[in-house]
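Below: one structure, written as structure tokens.
Below is the structure:
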């Protein structure tokens, strides 16, 4: 098989992989900037690709989970888009930092003021969220994507654990373990013992370094003294010879 045949075969294989992988990434999704730790706050991006060749995406509506309402939701301005935040009254008030919260954000809507997301492009919509629940591993959002031709794609199907991805999956935000020392994290006796041991090791290391430096200094001074002594003896011998002469 010559080089040209290998190149053609490689190109066909790569194209096949792209075609098969494409649909898995061509839906509305949500990803944190860094991590979204339980009990903490996070910045997330809703990523919206345009899947139509003859229409632009002109609106995105994201509904928030009602089983884990979020007291704080702050959108970041996006050039060319109008942002509307909808708040709803909670059936059960939330307690955040000692205060009772009776309302929470139920939906955020981005509406294009221009052409929106054109074919072949995507747009990210950033949000600051908190306080994230401590008793959940993920948050499921439901999104509606509206095109300029009035078509509405409903990204609302919740993925089943261990099952195949649905045709129109809802954006899912995976939550990580609480950050150490942050919300929902408490120092255990083992952690404290470990910290004490580390501190003791650090102190011992500093003392050892200090002792080593002192020994090195003493050695240098001793060597310098010997050199000076030898030079003095040599000088005395030469002076004696000159007097005898």
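Numbering (the working numbering), first residue to last: 9 to 253.
Idealized CB from N, CA, C, for every residue including glycine.
Cα-Cα separation, residue i to residue j
i, j, result
"residue 108", "residue 101", "6 Å"
"residue 136", "residue 53", "9 Å"
"residue 154", "residue 35", "13 Å"
"residue 159", "residue 98", "32 Å"
"residue 73", "residue 86", "23 Å"
"residue 37", "residue 95", "22 Å"
"residue 180", "residue 45", "14 Å"
"residue 48", "residue 83", "17 Å"
"residue 178", "residue 62", "24 Å"
Same chain only: Cβ atoms within 8 Å of residue i, ignoring 5 sequence neighbours per side
i, result
"residue 79", "102, 104, 109, 112, 138, 139"
"residue 126", "58, 64"
"residue 43", "50, 184, 187"
Cβ-based burial, residue i [other Cβ within 10 Å; buried from 16]
i, result
"residue 195", "With a pLDDT of 36 at residue 195, under the threshold of 50, the modelled position of this residue cannot be trusted, and the question is left open."
"residue 66", "buried"
"residue 157", "exposed"
"residue 69", "buried"
"residue 124", "buried"
"residue 171", "exposed"
Sequence-distant residues of the same chain with beta carbon closer than 7 Å to residue i, five excluded per side
i, result
"residue 76", "141, 144, 147"
"residue 208", "Confidence in residue 208 is poor, its pLDDT being 47 and thus under 50, which makes the residue's placement too unreliable to answer from."
"residue 174", "165, 167"
"residue 129", "58"
"residue 89", "118, 119, 120, 121"
"residue 71", "114, 115, 149, 150"
"residue 162", "152, 176"
"residue 131", "56, 125"
Residue i versus the options, residue with shortest Cα-Cα distance
i, options, result
"residue 115", "49, 50, 93", "93"
6 Å Cβ shell around residue i - same chain, five flanking residues per side excluded
i, result
"residue 219", "A caution first: residue 219 carries a pLDDT of 47, below 50, which makes its placement in the model unreliable, though a value can still be read off. Hits under 6 Å: none found."
"residue 182", "146"
Integer-rounded CB distance, given that residue j should sit under 8 Å from residue i
i, j, result
"residue 133", "residue 56", "7 Å"
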